[in-house]
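**Q** One structure follows; several queries about it will come next.
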Amino acid sequence: MIEKKYEINISVRTTYLPDQSDEETDQHVFAYTITIANKGTVATQLISRHWIITNGDGTVHEVRGLGVVGEQPLLKPGDTFEYTSGTVISAAAGSMKGSYQMAAEDGVHFDVPIPEFILTVPRVLH
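Residue numbers (UniProt numbering): 1 to 126.
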């Protein structure tokens, strides 16, 4: 069996926030909760993030920055880190995907892909 030193699992939950959205001006607010789990055998720190946010009309917005929600969490083997953030899109549907840039305690730097997830106002997609 091959040892997986660097195995980071990402899971995502999304929520539409109607109280913060304005459908008349096409400002749709979503919260997303990300869980990052270190399934590998080496402690790893999240250094930065890269998001690609796509509106249903095809408009793309990219976001890059250090850490997540003001933190650069260190995940030891078996640890998880969960955070909630948000985004605004100007269409009733869109998607997000991206990557986290990680630094393992043994000096290895690597990217972890964030799988694409859908943002949609309830009742838009059936």
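Just so it is clear, CB atoms sit at the ideal spot from N, CA and C, and this is done for glycine as well.
Please go through the same chain and pick out, in chain order, the residues whose beta-carbon is closer than 7 Å to the beta-carbon of Ile-114, but skip the five residues on each side of it.
**A** Residue 114 sits at position 114 when you count from the first residue of the sequence shown. Ile-10, Lys-97, Gly-98, Ser-99, Tyr-100.
**Q** Using DSSP with H/G/I as helix, E/B as strand and the rest coil, what is Asp-22?
**A** Here residue 22 is taken as the residue at index 22 of the sequence shown, counted from 1. Strand.
**Q** Just the Cα atoms here: how many angstroms apart are Val-112 and Ile-8?
**A** For the purposes of this step, residue 112 is taken as residue 112 along the sequence shown, with counting starting at 1. For the purposes of this step, residue 8 is taken as residue 8 along the sequence shown, with counting starting at 1. Near 7 Å, if we compare the C-alpha coordinates of Ile-8 and Val-112.
**Q** For the putative contact between Asn-38 and Leu-75, defined by C-beta atoms under 8 Å, what is the C-beta separation to the nearest angstrom?
**A** Taking the sequence shown and counting its residues from 1, the one referred to as residue 38 is at position 38. Taking the sequence shown and counting its residues from 1, the one referred to as residue 75 is at position 75. Indeed they touch by this definition, with Cβ atoms about 4 Å apart.
**Q** Exposed or buried, Ala-92, counting other C-beta atoms within 10 Å across all chains shown (16 or more means buried)?
**A** Counting from one through the sequence shown, the residue named residue 92 turns up at place 92. Label assigned to Ala-92: buried.
**Q** Would you check if the distance between the CB atom of Ser-95 and the CB atom of Thr-41 is smaller than 7 Å?
**A** Within the sequence shown, residue 95 is the residue found at index 95, counting from 1. Within the sequence shown, residue 41 is the residue found at index 41, counting from 1. Cβ atoms of Ser-95 and Thr-41: not closer than 7 Å.
**Q** Go ahead and pull the three-state DSSP assignment for Val-108.
**A** Numbered from its first residue, the sequence shown carries residue 108 at position 108. The answer is coil: DSSP assigns Val-108 none of H, G, I, E or B.
**Q** Just mark His-28 as buried or exposed, buried being the case when its beta carbon has 16 or more other beta carbons within 10 Å.
**A** Indexing the sequence shown from 1 puts residue 28 at position 28. Buried, since its Cβ has 16 or more Cβ neighbours within 10 Å.
**Q** Which of the three DSSP states is assigned to Arg-49 in this structure?
**A** Residue mapping note: residue 49 aligns to position 49 of the sequence shown, counting from 1. Strand at Arg-49.
**Q** Closer than 6 Å to a non-hydrogen atom of the ligand COA - does that hold for the CB of Gly-94?
**A** The ligand COA is absent from the structure shown, which contains no ligands of any kind.
**Q** In or out: Leu-119 buried (at least 16 other Cβ within 10 Å) or exposed?
**A** For the purposes of this step, residue 119 is taken as residue 119 along the sequence shown, with counting starting at 1. That one is buried.
**Q** Please name the residue or residues paired with Arg-64 in a DSSP beta bridge.
**A** Walking along the sequence shown from the start, residue 64 turns up at place 64. Arg-64 is bridged to His-50.
**Q** Can you list, in chain order, the residues of its chain whose CB lies under 7 Å from that of Ser-21, leaving out five sequence neighbours each side?
**A** The sequence position of residue 21 within the sequence shown is 21, counting from 1. Gln-27, His-28, Val-29.
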